[in-house]
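Last residue of the sequence shown: number 996 in this note's numbering, and the count goes up by one each step with no gaps. Heads up, the thing below is written out as structure tokens.
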Amino acid sequence: MNKIVKIALVVLGLISAVLWYFLPGSEVPAGEAAESGAISGMFTITFILLGIAVAVSLVFTLMNLFTNPQSLKKTLIVLGSFLVVLVFSYLLASGTDVNLDEMANRGIATTETTVKRIGTGLNLFFFLVAIAIGAMLIGGVKKMTNK
């Protein structure tokens with residue numbers, strides 16, 4: 850298996866090197882360069898490698914979670930806590946923060962639901978930042994007081 854992976858990586862590396870050679874130069878307009886077959890090939894290889902990396906990392910993460918019950922328990926607690934913060938963020942978002950008629954006059958079609966989702970995302974971001982800062986401060990204080 851390891852030998853097959855190495856051979857596949859060498860082949861992909863060689864294909865990428867050939868595609869790199871055929872990339873359009875800087876004198877080619879951006880519109881034409883974007884439609885180049887070499888760039889499309891490079892993007893295809895990138896997406897394939899990204900997909901493989903994501904799939905492998907998910908498989909090994911899930912295997913580790915299910916073989917270690919303590920780890921699974923901690924993960925479920927973190928996911929539950931995240932869902933609680935998400936629901937709290939959704940409940941705090943009003944959806945009426947923006948004048949929808951004014952947005953429509955500017956050519957931006959939006960609804961109260963869209964505004965509420967954006968508000969939820971912002972609230973969630975702020976709560977998670979506050980939690981991260983709090984965790985760092987608590988960790989720093991504990992570390993300073995243990996010495």
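Virtual Cβ for every residue (Gly too), placed ideally from N, Cα, C. Source: prediction; values computed, not measured.
- With fewer than 16 other Cβ atoms inside 10 Å of its own Cβ, S875 counts as exposed.
- E876 sits in coil when the DSSP states are folded into three classes, being neither helix nor strand.
- With distances taken between CA atoms, F871 lies nearest to G886 out of G886, I980, A857.
- Per the Cβ contact rule, the segment 920 to 937 is in contact with the segment 957 to 977 (3 or more Cβ pairs under 8 Å).
- Shortest Cα-Cα distance from D946 to any of N954, R955, S930, G968 involves G968.
- In chain order, P873 place their CB closer than 6 Å to the CB of A882, counting only its own chain and leaving out the 5 sequence neighbours on each side.
- In this structure, the straight-line span from the alpha carbon of V867 to that of L861 is close to 10 Å.
- Secondary structure of T959 (DSSP, three-state): coil.
- Taking each of D950, T916, T924, L858 in turn and checking the Cα distance to T895, the smallest one comes out for L858.
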